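Sequential numbering of the sequence shown, starting at 4, is according to this note's numbering.
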Amino acid sequence: MNKEIYPIFDQLVSREEREQQLNQKSKVFWMLGLSGSGKSTVAKAFERKLYQEGFFAQMLDGDNIRSGLNSNLGFSQEDRKENIRRIAEIAKLYMNSGVITVVSFISPTIAIRDMAKSIIGPENFIEVFVNTPLEVCEERDVKGLYKKARNGEIKDFTGISAPFEAPINPDILIPTHEMEIHESVSTLYTFAKPLISNK
């Protein structure tokens, strides 16, 4: 056995080198809000806008995480915490690769978001609160989840039978009930551009 084999992290390509090559600054835009708030819709359009403007970005949401990496997790408090922990670690890996990362998850409690922020780093964690009232989300009920939650068919549903703690001081608010999708994306992009531009 070769005893001289060990990881040498300072020989890896650095985040700064990757950012220079991609001509951008990598950040994690952590989009949170109730189910039906519009966060994933805005996140997808924001990712597309970044791409169109020449930035390299990757979106992470329930569709591409819970169906694969986190398919073994449920919706208990412990599983929610582990779900967010894994997502934060993935987002950090993307960020350290120079990629602008757009995360879209309910992230229901302050403690869970603080954990994600501590993993990613406060200077890199941009908290985007898609601030849509519960009654509006419930009216939309795109997937019929609120109806099932009200009927007792879904347990631990955020906003109905499980808590949602709104952020006290988010970096930016996106009220989708007051804005069209293009306005929401434009507002977010205008806010984000100085943070990610390498010029």
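Each residue gets a CB set at the ideal place from its N, CA and C atoms; glycine is no exception.
Because the structure is a prediction, the values reported are computed rather than measured.
| Query | Result |
| --- | --- |
| Ile-93 (DSSP reduced to helix, strand or coil) | helix |
| Sequence-distant residues of its chain with Cβ nearer than 6 Å to Ala-119 (five each side left out) | Ile-87, Ala-91 |
| Where the beta strand (DSSP E) containing Lys-63 begins and where it ends | The sequence given here has Leu at residue 63, not Lys. That run of the beta strand (DSSP E) goes 60–64. |
| Beta carbon of Gly-36 nearer than 7 Å to that of Arg-143 | no |
| Test item: CB-CB of Leu-25 and Phe-49 under 7 Å | no |
| Burial state of Ser-200, where buried means 16 or more other Cβ atoms lie within 10 Å | exposed |
| Which of helix, strand or coil DSSP assigns to Glu-181 | coil |
| Lys-28 versus Val-102: straight-line alpha-carbon distance, rounded | 8 Å |
| Thr-44: first and last residue of the uninterrupted alpha helix (DSSP H) it sits in | 42–55 |
| Buried versus exposed, by CB contacts within 10 Å (16 or more), Leu-148 | buried |
| Burial state of Lys-146, where buried means 16 or more other Cβ atoms lie within 10 Å | exposed |
| Ile-209 versus Val-31: straight-line alpha-carbon distance, rounded | Given a span of 4 to 202 for the chain in the structure shown, any question on residue 209 remains unanswerable. |
| Residue span of the alpha helix (DSSP H) that contains Leu-25, given as start and end | 18–25 |
| Burial state of Ser-110 (16 or more Cβ within 10 Å) | buried |
| First through last residue of the alpha helix (DSSP H) which encompasses Leu-37 | Per DSSP, Leu-37 belongs to no alpha helix (DSSP H) and is neither H nor E. |
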